[in-house]
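Residue numbers (UniProt numbering): 1 to 423.
Backbone N, C-alpha and C define an ideal beta-carbon position, used for all residues, glycine too.
Read through the structure below, which is laid out as structure tokens, and then see the notes.
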Amino acid sequence: MLYYIFRWLDQFGISGTHLWGYISFRSILAMILALIISAWFGERFIKYLKKKQITEVQRDAEIDPFGVKKVGVPSMGGIIIIIALLIPVVLLGRLRNIYLLLMIVTTIWLGFLGGMDDFIKIFRHDKEGLKGKYKIIGQVTIGLIVGIVLWASPDVKANMNLEVANKNGQEVVIKHEAKAEKTLKTTIPFVKSHNLDYSELVGFLGKYKTAGGWILFVLMTIFVVTAVSNGANLNDGMDGMCAGNSAIIGVVLGILAYVSSHIQYAAYLNIMYIPGSEELVVFFMAFIGALIGFLWYNAYPAQVFMGDTGSLTIGGIIAVGAIIIHKELMLPILCGVFFVESLSVIVQVWYYKLGKRKGVKQRIFKRTPIHDNFRTQDNQLDPECKYLLKKPHSAVHESKITLRFIIVTIILAAMTIITLKIR
1 MLYYIFRWLD
11 QFGISGTHLW
21 GYISFRSILA
31 MILALIISAW
41 FGERFIKYLK
51 KKQITEVQRD
61 AEIDPFGVKK
71 VGVPSMGGII
81 IIIALLIPVV
91 LLGRLRNIYL
101 LLMIVTTIWL
111 GFLGGMDDFI
121 KIFRHDKEGL
131 KGKYKIIGQV
141 TIGLIVGIVL
151 WASPDVKANM
161 NLEVANKNGQ
171 EVVIKHEAKA
181 EKTLKTTIPF
191 VKSHNLDYSE
201 LVGFLGKYKT
211 AGGWILFVLM
221 TIFVVTAVSN
231 GANLNDGMDG
241 MCAGNSAIIG
251 VVLGILAYVS
261 SHIQYAAYLN
271 IMYIPGSEEL
281 VVFFMAFIGA
291 LIGFLWYNAY
301 PAQVFMGDTG
311 SLTIGGIIAV
321 GAIIIHKELM
331 LPILCGVFFV
341 ESLSVIVQVW
351 YYKLGKRKGV
361 KQRIFKRTPI
371 HDNFRTQDNQ
381 LDPECKYLLK
391 KPHSAVHESK
401 ITLRFIIVTI
411 ILAAMTIITL
421 KIR
């Protein structure tokens, strides 16, 4: 909104209005504004939540023995993140940009879905919240919408990176195709050309392989959105953990969006050039600012929890942002913590059911998601159950677990960037 106003004023030669044409200026301003809104609005919103008793009403002492002290802490704090994110984006972003519109729609959609879950938990006193199948339907639907829009929109294009030998043939120079076109290619690490073509995976379809490739892309989009959204949701189990990890992931996605929108940097990294993706830098800088401001209140001991309103939205934002810039195959590295959290739950359930069929009560970890394993003491375990992994035997304080998970995410973030130069 402000972008268009100041760009219009720029034609009259008014001093300073030209700055609004720089993505760096708008991005930094978005982060600062989001941080201020999150901190200022957060304090007042927390007081409102306490006044209306929109708080944690119950905690399972068997899973989280220290969590019973958190009963009465306001929940649905994800609203703080969403508002602090959207206001700067609407004010400072180019709202005609298809990528920015998709990010805004994703934020609102999953914010509403998570809000419904929190509403049921708090106001209907149902700790299960929204039924799992409805959550999945909501996640699949937004994944389907994003996938189809990216398929059908004429504004979604990229200039593919090409390796061209110089005149003496001794050096390879990275250039980009002159014309931006729709593409089914995506960036894949550790491969020389850095590209994987979805249509080549369905080459057996012959002349229909392009259509088959787009269908595969839409299915991949649905899977990635659902998986990352649920991974972030599972990671939101300790004070400051999900917000801290997600802020770091947001930094990397902001960097990747910036280099993808800059033809020289894209050539240096041998990745495709995506015109228009610079608006995602504004979005992710606001995302980072909103999360840092939220951490002011969510760090241990938390004064507010984000709830599913925040965690489902955060995961969806990360997934859709990565898909737009063709970096979804790098998410298993970048979002490694989310991946391990989800995987721990899956293998725990599988191993338990396997033992149940044999009449044996067994588990791999003491608790899942995996972060719960580290805060569970041996005296809390079921004596009739066999545990494959019992370490650590004593509980680790949640603030230390959170910090260690954040350190791991920092390492994974660095690895994600480095992979672009390893081929």
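Run of the alpha helix (DSSP H) containing D10, from where it starts to where it stops: Unbroken alpha helix (DSSP H) run through D10: 2-10.
Considering only residues of the same chain and omitting the five flanking positions on each side of L196, which have a CB-CB separation below 6 Å? These residues qualify, in order along the chain: T186, I188.
Within the same chain, show all residues whose beta-carbon is closer than 8 Å to that of M272, passing over the 5 residues directly before and after it, in chain order. Around M272: A158, N159, M160, N161, H176, T183, K185, T187, N195, S260, A266, H326.
Between the beta-carbon of L130 and the beta-carbon of D308, is there less than 9 Å? Between L130 and D308, the CB-CB gap stays under 9 Å.
Would V228 pass as a contact of I318 if the rule is Cβ separation under 9 Å? Cβ distance < 9 Å, so V228 and I318 count as in contact.
Contacting residues, own chain, Cβ-Cβ under 7 Å from V90 (five flanking each side not counted): Correct list, in chain order: M1.
Within the continuous beta strand (DSSP E) that includes T210, where are the two ends? That residue, T210, is in no beta strand (DSSP E); its alpha helix (DSSP H) goes 209-235.
If you follow the alpha helix (DSSP H) that D118 is in, where does it begin and where does it stop? Counting along the chain, the alpha helix (DSSP H) containing D118 begins and ends at 98-123.
Three-way DSSP call (helix, strand, coil) for H371 in this model: Of the three classes helix, strand and coil, the one that applies to H371 here is helix, per DSSP.
How long is the line joining the alpha carbons of V251 and R375, rounded to whole angstroms? Each residue's CA atom was taken as its position, placing V251 and R375 some 29 Å apart.
Find out if the Cβ-Cβ distance for the pair L381, Q362 is shorter than 9 Å. In this structure, Q362 does not lie closer than 9 Å to L381 by Cβ.
Have a look at L205 and G132 and give me their C-alpha separation to the nearest angstrom. When rounded, the distance between both Cα atoms is 35 Å.
Under a three-way DSSP split, which group does N298 fall into? In the displayed model, N298 falls within a helix according to three-state DSSP.
For I145, would you say it is in contact with chain D, using Cβ-to-Cβ distances shorter than 9 Å as the test? The displayed structure is made up of one protein chain only, and chain D is not part of it.
Straight-line CA distance for E200 to G212? Their Cα atoms are separated by approximately 10 Å.
Ignore the nearest five residues each way along the sequence and tell me which others in T106's own chain have a CB closer than 7 Å to its CB. Closer than 7 Å at Cβ, skipping near neighbours: I142, V146, G316, I317, V320.
Any idea which residues DSSP pairs T186 with across the strands? Answer is L196, bridged to T186.
For a test of the three-state rule: what should DSSP assign to R55, helix, strand or coil? It should be pointed out that residue 55 corresponds to Thr in this sequence rather than to Arg. In the three-state DSSP reduction, T55 falls in the strand class (E or B).
Grouping DSSP H, G and I as helix and E and B as strand, with all else coil, what is residue 424? The requested residue 424 is not part of the displayed model; the chain covers only 1 to 423.
Nearest CA to the CA of residue 470: which residue from K358, S75, E328? Coverage of the chain is limited to positions 1 through 423, which leaves residue 470 absent and any answer about it impossible.
Whole angstroms are fine: how far does the CA of W109 sit from the CA of V68? Low confidence applies here, because V68 scores a pLDDT of 47, under 50, leaving its location unreliable and the question unanswered by this model.
When the Cβ atoms of the stretch 238-249 are set against those of the stretch 283-301, are three or more pairs found closer than 8 Å? Short answer: they touch.
Rounded C-beta distance between G237 and P369? I'm assuming under 8 Å. About 6 Å; that satisfies the 8 Å criterion.
Mind reading off the beta-carbon distance from G93 to V347? Whole number of angstroms is fine, and I expect it under 8 Å. So it is not a contact: roughly 41 Å between Cβ atoms.
Please identify the residue among K358, L253, A299 whose C-alpha is closest to the C-alpha of L412. Minimum Cα distance to L412 is reached at L253.
Report yes if the CB atom of T55 is closer than 9 Å to the CB atom of S75, and no otherwise. Remark: C-beta atoms of T55 and S75 approach each other more closely than 9 Å.
I believe T313 touches G78 by the beta-carbon criterion, under 8 Å. Please report the beta-carbon distance rounded to the nearest angstrom. By a beta-carbon distance limit of 8 Å, T313 contacts G78. Their separation comes to about 6 Å.
L29 versus N97: straight-line alpha-carbon distance, rounded: One Cα belongs to L29, the other to N97, and the distance between them is close to 19 Å.
Quick check on the DSSP output: the alpha helix (DSSP H) that includes C385 runs from which residue to which? Unbroken run through C385: none, as it is neither H nor E.
Below 8 Å on the Cβ atoms is my contact criterion, and I expect V73 with L234 to pass it. Report the Cβ-Cβ distance as a whole number of Å. The distance from the Cβ of V73 to that of L234 is about 20 Å, inconsistent with a contact at the 8 Å cut-off.
Classify Q53: buried if its beta carbon has 16 or more other beta carbons within 10 angstroms, exposed otherwise. It counts as exposed.
Could you give the residue range of the alpha helix (DSSP H) that holds residue 424? Here the chain comprises residues numbered 1 to 423, so residue 424 is not present and cannot be evaluated.
Comparing C-alpha positions only, which one of A84, I32, G21, E278 sits nearest to L100? Measuring from the Cα of L100, the nearest candidate turns out to be E278.
Residues bridged to N379 by DSSP? Looking at the DSSP output, N379 bridges to nothing.
Between which two residues does the alpha helix (DSSP H) harbouring residue 424 extend? It is not possible to answer for residue 424, since the shown part of the chain is limited to 1 through 423.
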